[in-house]
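The next block holds one structure in the form of structure tokens; read it before the comments.
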Amino acid sequence: VRETLTRIGVASRKDKILYQSCHILHKQGRYYIVHFKELFALDGKPTNYSENDQARRNTIANLLSEWGLI
167 VRETLTRIGV
177 ASRKDKILYQ
187 SCHILHKQGR
197 YYIVHFKELF
207 ALDGKPTNYS
217 ENDQARRNTI
227 ANLLSEWGLI
């Protein structure tokens with residue numbers, strides 16, 4: 167799952183870099199798929215987490231499920 171998440175994200179056309187959107191969070195014995203902006207919020211940092219970001223996270227989680235990875 168971790169490797170697959172590194173291959174899913176937002177591409178920069180200018181720099182030709184893929185920015186990973188979601189990460190795995192391990193908390194109290196459970197694992198969560200979270201958007202990187204949610205990690206900022208958990209750390210108490212300002213973030214502009216939007217419905218678009220939430221939809222992207224949910225789509226990625228659904229794809230991982232469809233592919234039998236989670």
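Numbering-wise, our numbering puts 200 at position 34 of the sequence shown, and it's gapless, one number per residue.
Backbone N, C-alpha and C fix where the C-beta goes; we use that ideal spot for every residue, glycine too.
Nothing here was measured: the structure is a model prediction, and the numbers come from that model.
(request) Please report how far the alpha carbon of Phe202 lies from the alpha carbon of Gly175, in whole angstroms. (result) When only Cα atoms are considered, Phe202 and Gly175 end up about 11 angstroms apart.
(request) Could you pull out every residue in the same chain whose Cβ sits closer than 8 angstroms to the Cβ of Ser231, ignoring the five residues on either side in sequence? (result) Cβ neighbours of Ser231 beyond the five flanking positions: none.
(request) Mind reading off the beta-carbon distance from Ile190 to Ile199? Whole number of angstroms is fine, and I expect it under 8 angstroms. (result) Right, the Cβ-Cβ distance comes to about 7 angstroms (below 8 angstroms), so this counts as a contact.
(message) Tell me the DSSP secondary structure of Ile226 in three-state form.
(response) In the structure shown, Ile226 sits in a helix (DSSP, three-state: H, G or I).
(message) Using only the alpha-carbon positions, how far apart do Tyr197 and Ala227 sit?
(response) Rounded to the nearest whole angstrom, the CA to CA distance from Tyr197 to Ala227 is 12 angstroms.
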